[in-house]
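2 protein chains.
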Amino acid sequence: MSLPRIVIIGGGFAGVTAARGLRHAEAEVTLLDRTNHHLFQPLLYQVATAVLSPSDISSPIRWLLRKQKNTTVLMAKVDRIDIDARRVIADEGRVQVEYDFLVIAAGARHAYFGHDEWETYAPGLKSLEDARSIRDRFLNAFEEAEKAVDAETQAGWLHFVIVGGGPTGVELAGILPDIAHHSMLDDFRNFDPRSTRITLLEGGPRLLTAFDAHLAARARRDLESLGVNVRTNAIVTRVEPHAVYVGDERIPTRTVLWAAGNQASPLARWLGAPLDSQGRVEVLPDLSVPGHPEVFVAGDLAAAFEENGTPVPAVAPAANQMGKRAARNIMRVLGDLPTQKFKYRDKGNLATIGRYRAIAKIGRFELTGQIAWWFWLLIHLMYLATFRNRLSVLIEWAYSYMTYQRGSRILTEREGDGVSGSGEKADPVERRARMPSSR
Amino acid sequence: MSLPRIVIIGGGFAGVTAARGLRHAEAEVTLLDRTNHHLFQPLLYQVATAVLSPSDISSPIRWLLRKQKNTTVLMAKVDRIDIDARRVIADEGRVQVEYDFLVIAAGARHAYFGHDEWETYAPGLKSLEDARSIRDRFLNAFEEAEKAVDAETQAGWLHFVIVGGGPTGVELAGILPDIAHHSMLDDFRNFDPRSTRITLLEGGPRLLTAFDAHLAARARRDLESLGVNVRTNAIVTRVEPHAVYVGDERIPTRTVLWAAGNQASPLARWLGAPLDSQGRVEVLPDLSVPGHPEVFVAGDLAAAFEENGTPVPAVAPAANQMGKRAARNIMRVLGDLPTQKFKYRDKGNLATIGRYRAIAKIGRFELTGQIAWWFWLLIHLMYLATFRNRLSVLIEWAYSYMTYQRGSRILTEREGDGVSGSGEKADPVERRARMPSSR
Numbered sequence: 001m002s003l004p005r006i007v008i009i010g011g012g013f014a015g016v017t018a019a020r021g022l023r024h025a026e027a028e029v030t031l032l033d034r035t036n037h038h039l040f041q042p043l044l045y046q047v048a049t050a051v052l053s054p055s056d057i058s059s060p061i062r063w064l065l066r067k068q069k070n071t072t073v074l075m076a077k078v079d080r081i082d083i084d085a086r087r088v089i090a091d092e093g094r095v096q097v098e099y100d101f102l103v104i105a106a107g108a109r110h111a112y113f114g115h116d117e118w119e120t121y122a123p124g125l126k127s128l129e130d131a132r133s134i135r136d137r138f139l140n141a142f143e144e145a146e147k148a149v150d151a152e153t154q155a156g157w158l159h160f161v162i163v164g165g166g167p168t169g170v171e172l173a174g175i176l177p178d179i180a181h182h183s184m185l186d187d188f189r190n191f192d193p194r195s196t197r198i199t200l201l202e203g204g205p206r207l208l209t210a211f212d213a214h215l216a217a218r219a220r221r222d223l224e225s226l227g228v229n230v231r232t233n234a235i236v237t238r239v240e241p242h243a244v245y246v247g248d249e250r251i252p253t254r255t256v257l258w259a260a261g262n263q264a265s266p267l268a269r270w271l272g273a274p275l276d277s278q279g280r281v282e283v284l285p286d287l288s289v290p291g292h293p294e295v296f297v298a299g300d301l302a303a304a305f306e307e308n309g310t311p312v313p314a315v316a317p318a319a320n321q322m323g324k325r326a327a328r329n330i331m332r333v334l335g336d337l338p339t340q341k342f343k344y345r346d347k348g349n350l351a352t353i354g355r356y357r358a359i360a361k362i363g364r365f366e367l368t369g370q371i372a373w374w375f376w377l378l379i380h381l382m383y384l385a386t387f388r389n390r391l392s393v394l395i396e397w398a399y400s401y402m403t404y405q406r407g408s409r410i411l412t413e414r415e416g417d418g419v420s421g422s423g424e425k426a427d428p429v430e431r432r433a434r435m436p437s438s439r
Numbered sequence: 440m441s442l443p444r445i446v447i448i449g450g451g452f453a454g455v456t457a458a459r460g461l462r463h464a465e466a467e468v469t470l471l472d473r474t475n476h477h478l479f480q481p482l483l484y485q486v487a488t489a490v491l492s493p494s495d496i497s498s499p500i501r502w503l504l505r506k507q508k509n510t511t512v513l514m515a516k517v518d519r520i521d522i523d524a525r526r527v528i529a530d531e532g533r534v535q536v537e538y539d540f541l542v543i544a545a546g547a548r549h550a551y552f553g554h555d556e557w558e559t560y561a562p563g564l565k566s567l568e569d570a571r572s573i574r575d576r577f578l579n580a581f582e583e584a585e586k587a588v589d590a591e592t593q594a595g596w597l598h599f600v601i602v603g604g605g606p607t608g609v610e611l612a613g614i615l616p617d618i619a620h621h622s623m624l625d626d627f628r629n630f631d632p633r634s635t636r637i638t639l640l641e642g643g644p645r646l647l648t649a650f651d652a653h654l655a656a657r658a659r660r661d662l663e664s665l666g667v668n669v670r671t672n673a674i675v676t677r678v679e680p681h682a683v684y685v686g687d688e689r690i691p692t693r694t695v696l697w698a699a700g701n702q703a704s705p706l707a708r709w710l711g712a713p714l715d716s717q718g719r720v721e722v723l724p725d726l727s728v729p730g731h732p733e734v735f736v737a738g739d740l741a742a743a744f745e746e747n748g749t750p751v752p753a754v755a756p757a758a759n760q761m762g763k764r765a766a767r768n769i770m771r772v773l774g775d776l777p778t779q780k781f782k783y784r785d786k787g788n789l790a791t792i793g794r795y796r797a798i799a800k801i802g803r804f805e806l807t808g809q810i811a812w813w814f815w816l817l818i819h820l821m822y823l824a825t826f827r828n829r830l831s832v833l834i835e836w837a838y839s840y841m842t843y844q845r846g847s848r849i850l851t852e853r854e855g856d857g858v859s860g861s862g863e864k865a866d867p868v869e870r871r872a873r874m875p876s877s878r
């Protein structure tokens, strides 16, 4: 008798946790991911701002699951799911995997509200490659500012605009002044890095909607005290190479970072199940897909609800809990037991604002300021414990926070071009070298 | 009275040392490099094999020179030199810098002996981007082997061929068995990583011509004891996606790494000076260009000779010494003193072979085996001392050597494709998932 075949799509929190939950399953488990690595997404903004190296927050998926002999990891890009034939098709048909049970944990990408063409000028932050791209753009902006021939161009390079006032936007906006105002002070001759400006644009009436209003207000004050220009009710209407528009107002900038909106993986379409406005699968309470008890959805791709009707947030602990529940339900079906409902256990909510400041809400407790930041640090190091990377991250952080130096300020070269990251080329301008006047 | 303007092209060993040598100059110094980082090239092969992260062996050039207020660093790609107008033109004309003195330290790239089309299939190892590309190819080969549908394809993915028996080729060949036979043992289900084969092809009669014959023979024995198939007098005649040819013999492999041949930077052509067969500038004994006492060449771009007529080797200490000499000669001219000849001080020669083995020749002393390896480690950590990266590298090394795990096994994603590194796509083949048989 052949063993049941369980396929997992996605090597993020939900997918890896599901695989781990199946480690004792009498089954053939296959996990597919388009990359070779599991990513600790909550620290991605630190790679994007050159504090950490990509390898500090990622581990090969097959390394994480190496002891689990019932599990095969394949690096393959899933193209579609044939839900009737119970088959997953990847790598343009080169890889085809049949399943008896399927867990889809393919996550989400950022969304541009119907303006996908903005992505060229305003990259989002979901994958390691996104983080590298943002880091390159960010470092390149300072290099271009050093070479700029006129004040207006230079000011454009030294103005960073972040769109989206959720945790990612707030974390990016909070860390940039730190770098501009401290890390690079001695490095340039043609401008003062302290002249760098940071603007955070949020379309809604306030930041951090996952937090209570007074905590979000505290975060806003913290950001403003760092010099960030925070604007709420500021809906972006257009993004260009040299500017972003709020309504009809033109805001000159050469670097726009996108931290707004989520769009679920397009793989959801193959399930024939109802999707919500973000493209997420409206799963049954046991996380299975309506009409397909053999297919489960976990993580950011699932539109799940708590018993009281509030939506489960798209955060790492929720993804972990869903992955575990999906695995357990498959184990239960294999053991001829009925599946169980997913119950979300809220472990609290955390967001950092630059160096040494954070806001936290854990159950009834609230923390702000430096104590919240230390709590945030502790929690994140604990989570990273499953990685071998913890020590390395701790050293990078210690170095970065003690010395105000960035650990990973290396610009990726692109083929045949030393300058990378800027989506377009500036106009060719005849120019003499500008020499340092300070001596 | 305006200050003399000194321009340095290149931020490698020679360029950065030249800049440092000019730190007390009453002059306006500008250093141009196409990247933002100085690279510790002797450890590049460890990035290529996923032991170290790119940021472990590189530092921003402007950070290295931040205290030197007379020096401006510009990230710009030099296109040409107008030697009569004493002007350097970069970034397609957007950056133009005039000079009174010029130091060219633009280095060399690998050469394909007139077959530049081979680069697609056989990447070389000079820049950080090269190292990333080789690392991606190397890691991707194992991912493809796990997905391979037939034994022949799988064997092709598990055969690594390295072309060139110099230090880079020997170091790459020595470290690969280590990874294949130790680091990845538990990670795959569809093949045994110990079945990985490594072939080193050298066109000449022996490896490591910079060493005495008996030391090179020892290195060869060390490599062979690690399972590397070493072939000398093996001239590559053709490189294809799925094979490399030695004469008419076809050697099936999907991964060819190129460590043969040097070609000096094409910038040398703008000097109107005689070039040697590798395109290097035949400099005068004081490192200046014939007919242009205001232009100096340092590092791998200079064809310099010792007093006894032996060519100065293209190694990091020679580049450092030339950079220092070029800077001193400019200081002497500024002080109305005659320039001095460059004298190469041979600090010895080192090459590692895998874990714990090396060969070394320092003056009259020779070392082999483990003691040579520890010596190699010490020297390299001392050199890295100028970087802040030393501690981080030490930790990565300690981790890697103690646990046999790679520190940086993260595959770069390419846009819109989870699979990267392979220069071509395999034929689409209908395939069923191969499940683990071991349980």
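Those sequence lines, one after another, are chains Z and U. Under the numbering used here, read the first sequence as residues 1 to 439, first letter to last. Under the numbering used here, read the second sequence as residues 440 to 878, first letter to last. Just so it is clear, CB atoms sit at the ideal spot from N, CA and C, and this is done for glycine as well.
A direct Cα-to-Cα measurement between phenylalanine 342/Z and alanine 19/Z gives close to 17 Å. The beta carbon of alanine 797/U does not come within 9 Å of any beta carbon belonging to chain Z, so the residue lies off that interface. For serine 497/U, the uninterrupted beta strand (DSSP E) segment begins and ends at 497-499.
No Cβ of chain U is located within less than 9 Å of the beta carbon of lysine 347/Z. The region 171-181 of chain Z makes contact with the region 337-357 of chain Z: 3 or more CB pairs, one atom from each, lie closer than 8 Å. Take aspartate 785/U, set aside five residues on each side of it, and no residue of its chain has a beta-carbon closer than 7 Å to its own.
The region 652-672 of chain U and the region 633-641 of chain U touch, with three or more beta-carbon pairs separated by less than 8 Å.
The C-alpha of phenylalanine 296/Z is placed about 6 Å away from the C-alpha of alanine 326/Z.
For phenylalanine 744/U, no beta strand (DSSP E) segment is defined, and its DSSP state is neither H nor E. Distance from the Cα of glycine 546/U is smallest, within the candidate group Lys586/U, Gly553/U, Ser566/U and Leu491/U, for Ser566/U.
No Cβ of chain U is located within less than 9 Å of the beta carbon of proline 241/Z. At least one CB atom of chain U sits nearer than 9 Å to the CB of serine 53/Z. Assignment of histidine 653/U by DSSP, reduced to helix, strand and coil, places it in the helix class. Residues of the region 38-69 of chain Z whose Cβ lies closer than 7 Å to any Cβ of chain U, in chain order: Ser53, Pro54, Ser55, Ser58, Pro60, Arg62, Trp63, Arg66, Lys67 and Lys69. When DSSP reads this structure, histidine 159/Z sits in a beta bridge with Arg197/Z. Leaving aside the five residues that flank tryptophan 118/Z on each side, the residues in its chain whose CB is nearer than 6 Å to its CB run, in chain order, Tyr112 and Val239.
At a Cβ-Cβ threshold of 9 Å, serine 59/Z and aspartate 495/U do not count as neighbours. The Cβ atoms of leucine 31/Z and threonine 72/Z lie closer than 9 Å to each other. Against chain U, the CB of lysine 147/Z has a partner CB under 9 Å away; the residue lies at that interface.
Beta-bridge analysis with DSSP links glutamine 340/Z to no other residue. Where tryptophan 258/Z is concerned, the enclosing beta strand (DSSP E) starts and stops at 255-258. Contact annotation for alanine 458/U against chain Z: no contact, minimum CB-CB distance about 13 Å [criterion: below 9 Å]. DSSP places aspartate 82/Z within a strand segment (E or B) once states are collapsed to three. Per DSSP, valine 51/Z lies in no beta strand (DSSP E) segment and is marked neither H nor E. In terms of Cβ geometry, aspartate 651/U and phenylalanine 581/U do not form a close pair [threshold 9 Å]. For the options Glu146/Z, Thr209/Z and Ala180/Z, the alpha carbon positioned closest to that of lysine 361/Z is the one of Thr209/Z. Within the DSSP secondary-structure output, glutamate 679/U pairs in a beta bridge with Ala682/U.
Here phenylalanine 138/Z is not near arginine 197/Z, since their CB atoms are 9 Å or more apart.
For aspartate 33/Z, DSSP records a beta bridge to Met75/Z. Within the region 597-630 of chain U, the runs of alpha helix (DSSP H) that reach at least 4 residues and sit entirely inside it are, in chain order, 606-617. Cα atoms of threonine 17/Z and lysine 324/Z: separation of roughly 6 Å, rounded to the nearest angstrom. Within the DSSP bridge table, the entry for phenylalanine 101/Z names Ile6/Z as partners. In the three-state scheme derived from DSSP, where H, G and I count as helix and E and B as strand, serine 288/Z is classed as strand. For leucine 513/U, the C-beta contacts it makes with chain Z under 7 Å involve Glu146 and Lys147, in order along the chain. DSSP lists no bridge partner for glycine 299/Z. Valine 283/Z is a Cβ neighbour of alanine 304/Z, given a cutoff of 9 Å.
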